[in-house]
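Residue numbers (our numbering): 2 to 454.
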């Protein structure tokens, strides 16, 4: 961390913030839990809790301070920039207008959370790294998933969640006022309806790890496709680790998203052998479930398919509640009235298990459509950037940005997925960098782009 801060503050290399986020965000909740368990100090927990925002503010400050002739640059606005500006303009209106029952402080905290994905996009939009630094980004990302799978193996063998060791329940009770629940003394998220263990490694919960595995697999896949064959074993290892961790999470939406992502990659990037690979994995999975899986896992899959799983029914009820509210208030019910973010109280919460509907409830139909448009355009631009750029590192970033955002489309239906800081922050940074890459590819070179160069 000290190296990153030194680079950001004293060297003007604000782009190095991405290294901090990659190495800090996956361990974020585990760090907070361990700190509270070791010290019992809420103050120390708060220091670590707001460390990521502090680094983000330092990064923005460094960008402004070290930007040469910042007021002489002309912005080259693309469609996605306009969508982001419109989305945040709408959010700001809901912040200052007396809409909804949440007080201004609560709305401001929620607005801060929503603003982060735009700030990460902005940082990516203006990032310039050396080739070795891009390689470091990918090495760090792949290292995260090797470590995560290793810890998953330990959890499985020892039959204990890492969160039982780190003090997650104690932290959750003291800081978030969430009482321990479930058969493992954590929360119900850490187990299936048949009481099977859902593992999270050092991530905040199984859903966070499951969504992040899509990022890990995509990073390893593009590394495999663009590297020498003698190096392929390492990328295969990372892909296997990501798939293994995904299985340990028992996340239905992320598992389905994995196959959707494979189909997207196969069709858009013309890698049709991936369809065969996906079909093969699916057949192996079916054979395993029918012939070799435990009764616990078998009925978990069966209840999911027949929609008799309590979690699936819960999602449906939350969607209906949110949709009904959108019908009642199509222009929005106000910030902090839906979702699972800090500050959204139970008495104000409407729905909350669908990222699209969460924005729809709070910002109205227009807000939801703007968010969906940002996702669609971001994916499209990333695909175009991948196809047009001659820089292999930027092409890899664009590939991952497009595939991960497609992979997350389904989990966004079942979770407030923008709260999964690691995959959300990193993927929005990648989308921003892809937009910059695409802009350079189509430009005539006459208009300077606002960067740190």
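For every residue, glycine included, the Cβ atom is placed at its ideal position computed from N, Cα and C.
query	result
Beta-carbon proximity of residue 401 to residue 424, cut-off 8 Å	no
Option nearest residue 534 by Cα separation, candidates 322, 399 and 438	Any property of residue 534 remains undetermined from this structure, which presents the chain solely from 2 to 454.
Start-end ranges of the alpha helix (DSSP H) lying completely within the stretch 125 to 182, minimum 4 residues	132 to 159, 163 to 167 and 169 to 176
Cβ contact check for the stretch 145 to 154 and the stretch 85 to 105: 3 or more pairs under 8 Å	no
Segments assigned alpha helix (DSSP H), at least 4 residues, entirely inside the stretch 34 to 91	43 to 50 and 52 to 67
Residue 354, DSSP secondary structure in three states	coil
Chain C contact for residue 206 (CB, 8 Å cutoff)	The structure shown contains no chain C; it holds only a single protein chain.
Selection from 19, 151, 356 and 131 that minimises the alpha carbon distance to residue 249	151
Proximity winner among 59, 133, 111 and 63, relative to residue 393 (alpha-carbon distances)	133
Separation of residue 210 from residue 202, as counted between CA atoms	7 Å
Minimum C-alpha distance to residue 92 - residue among 430, 366, 434 and 416	366
DSSP-derived helix/strand/coil call for residue 454	The predicted position of residue 454 is uncertain, since its pLDDT is 31 and thus under 50; a value taken from the coordinates is nonetheless stated next. Correct three-state label for residue 454: coil.
Reference residue 326, options 351, 346, 347 and 318, closest by Cα	351
Burial state of residue 9 (16 or more Cβ within 10 Å)	buried
Inter-residue Cα distance where the pair is residue 280 and residue 287	11 Å
Exposure of residue 273, with buried meaning 16 or more beta-carbon neighbours within 10 Å	exposed
Exposure of residue 105, with buried meaning 16 or more beta-carbon neighbours within 10 Å	exposed
Residue 102, DSSP secondary structure in three states	coil
Pair within 8 Å by beta-carbon distance, residue 35 and residue 167	yes
Backbone CA spacing between residue 161 and residue 364 [nearest angstrom]	41 Å
Best match in 95, 435 and 21 for proximity to residue 360 [C-alpha to C-alpha]	95
Through-space distance from residue 334 to residue 99, alpha-carbon basis	10 Å
Cβ-Cβ separation, residue 18 to residue 124 (assumed contact under 8 Å), whole Å	7 Å
Three-state class that DSSP yields for residue 187 in the structure shown	strand
Spatially closest choice to residue 61 from 443, 14, 239 and 181, by CA coordinates	14
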